[in-house]
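The working numbering numbers the first residue of the sequence shown as 39 and each following residue consecutively. Ideal Cβ placement from N, Cα and C applies to all residues, glycine included. Keep in mind that this is a model prediction, so the values were computed, not measured. Structure, as structure tokens:
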Amino acid sequence: MKQKLISVLLCVLLLFGTLGVAAGAQAETRYVVLGDSIAFGSGLSNPKQAVYGKIVADTNGYAYENYAVPGHTTGNLLRRMETDAVKEAIRNADIISISIGGNNFLLGNLNGLLFDGIVKQDYARFDEIAANYYTDLEKIVDNIRALNEGAAIVLQTLYNPQTGYVGDVYQAGADRLNATMRRYMQDHPGEILLADVAAALTDSGTDFAEDRIHPSAEGNEKIAKVVLQTLFDNGLGTKTEPVIATRGADARGTGIFTVFVNLYGRFFHLLAVIRSLLHIG
């Protein structure tokens with residue numbers, strides 16, 4: 039009788055232990071990052087350890103996966119979402135964090151857009167890119183929802199890392215994309231959350247890496263704080279102050295890009311002055 043009682047008690051303990059393990063596994067929040075070089079951490083020499091997505095995951099104890107690819111546009115992201123690995127990650131995700139849109143302007147368009155913005159003061163192509171972004175954003179969210187109806191989708195606004203003549207053109211592009219994100223939220227209430235990274239990254243001296251495109255280590259910490267606050271405000275996280283497991287290190291020797299961009303900006307400004315003096319319409 040005594041042995042039977044001990045056996046029953048052991049079975050009960052094993053059952054509760056198994057249930058406890060299962061409950062713990064179910065309670066683990068899966069956090070998936072998608073997007074471009076910002077989400078990848080290209081401004082850092084140690085992106086896997088210190089990009090903002092890793093900081094968010096470390097702070098809230100999320101299981102973390104990052105599928106961001108430097109250089110990706112919204113079109114590239116749509117194609118990446120067709121791969122088996124990314125589909126599986128989306129299916130299992132509780133929170134999906136997305137940074138995308140900057141390359142829609144930068145790749146294959148920059149010189150023309152600088153010319154249009156600085157010399158011609160013509161922003162028609164900017165508006166066209168923003169319109170296409172809206173269409174792609176609808177497809178991105180629809181594709182996620184086809185795989186996962188319940189995951190929270192956190193989209194980040196686009197910051198402006200540049201100053202001077204080039205900065206004005208960047209701002210025109212960022213303003214249009216950010217307005218497009220907010221219009222999408224109005225048109226599709228409750229579908230996405232917006233992390234206003236643009237409002238947080240405003241210090242050109244500390245927030246950006248040498249290339250003047252990507253966030254620095256400090257910039258990544260600021261992005262993490264914005265995302266953490268967004269999650270906390272929506273009941274998806276428990277902390278708002280980033281926990282830094284590994285301090286980020288800024289990537290060095292990447293400033294050549296911004297040198298050329300600023301030269302283009304000055305050249306196009308000179309053209310604008312000449313155009314104005316000659317009264318070219």
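* Beta bridge counterpart(s) of F153 as assigned by DSSP -> For the purposes of this step, residue 153 is identified with residue 115 of the sequence shown, where counting begins at 1. Bridge partners of F153: none, in fact.
* Short check: CB of A123 to CB of V70, under 7 Å? -> Position 85 of the sequence shown holds residue 123. Position 32 of the sequence shown holds residue 70. Contact flag unset, no.
* Please report the residue range of the beta strand (DSSP E) in which Q267 lies. => Numbered from 1 along the sequence shown, position 229 holds the residue referred to as residue 267. First-last for Q267: 255-271, but that is the alpha helix (DSSP H), not the beta strand (DSSP E).
* Three-state class that DSSP yields for L274 in the structure shown -> Here residue 274 corresponds to residue number 236 of the sequence shown, with the count starting at 1. The answer is coil: DSSP assigns L274 none of H, G, I, E or B.
* Do R239 and Y197 have their C-beta atoms closer together than 7 Å? -> Taking the sequence shown and counting its residues from 1, one reaches residue 239 at position 201. Taking the sequence shown and counting its residues from 1, one reaches residue 197 at position 159. According to the sequence shown, residue 239 is Leu rather than Arg. Going by C-beta atoms, L239 is nearer than 7 Å to Y197.
* To do: Return the chain-ordered list of same chain residues with a C-beta closer than 6 Å to the C-beta of E229, the five sequence neighbours on each side being excluded.
  => Here residue 229 corresponds to residue number 191 of the sequence shown, with the count starting at 1. Around E229: V179.
* CA-to-CA distance, P85 to P199, given in whole angstroms -> Mapped onto the sequence shown, residue 199 falls at position 161. Mapped onto the sequence shown, residue 85 falls at position 47. Near 19 Å, if we compare the C-alpha coordinates of P85 and P199.
* Asked: In terms of alpha-carbon separation, which member of D74, G81, G73, E66 lies closest to R290?
  -> As a working mapping, residue 290 is identified with position 252 in the sequence shown. For R290, the nearest C-alpha among the options comes from G81.
* Below 6 Å CB to CB, which residues in the same chain sit around A233 once its five sequence neighbours on both sides are set aside? => Taking the sequence shown and counting its residues from 1, one reaches residue 233 at position 195. So the list reads V192, Q194, V264, V265, T268, once near-sequence residues are dropped.
* Would you identify the three-state DSSP class for Y172, choosing helix, strand or coil? => Walking along the sequence shown from the start, residue 172 turns up at place 134. Y172 falls in the helix class under three-state DSSP.
* Asked: Nearest-angstrom Cα distance between N216 and I136?
  -> Position 178 of the sequence shown, counted from the start, is the residue given in the question as residue 216. Position 98 of the sequence shown, counted from the start, is the residue given in the question as residue 136. Roughly 14 Å separates the two Cα atoms.
* Shortest alpha-carbon distance to I138 belongs to which of D213, N104, D74, Y105? -> The residue you call residue 138 lines up with position 100 of the sequence shown. Of D213, N104, D74, Y105, the residue nearest in Cα terms is D74.
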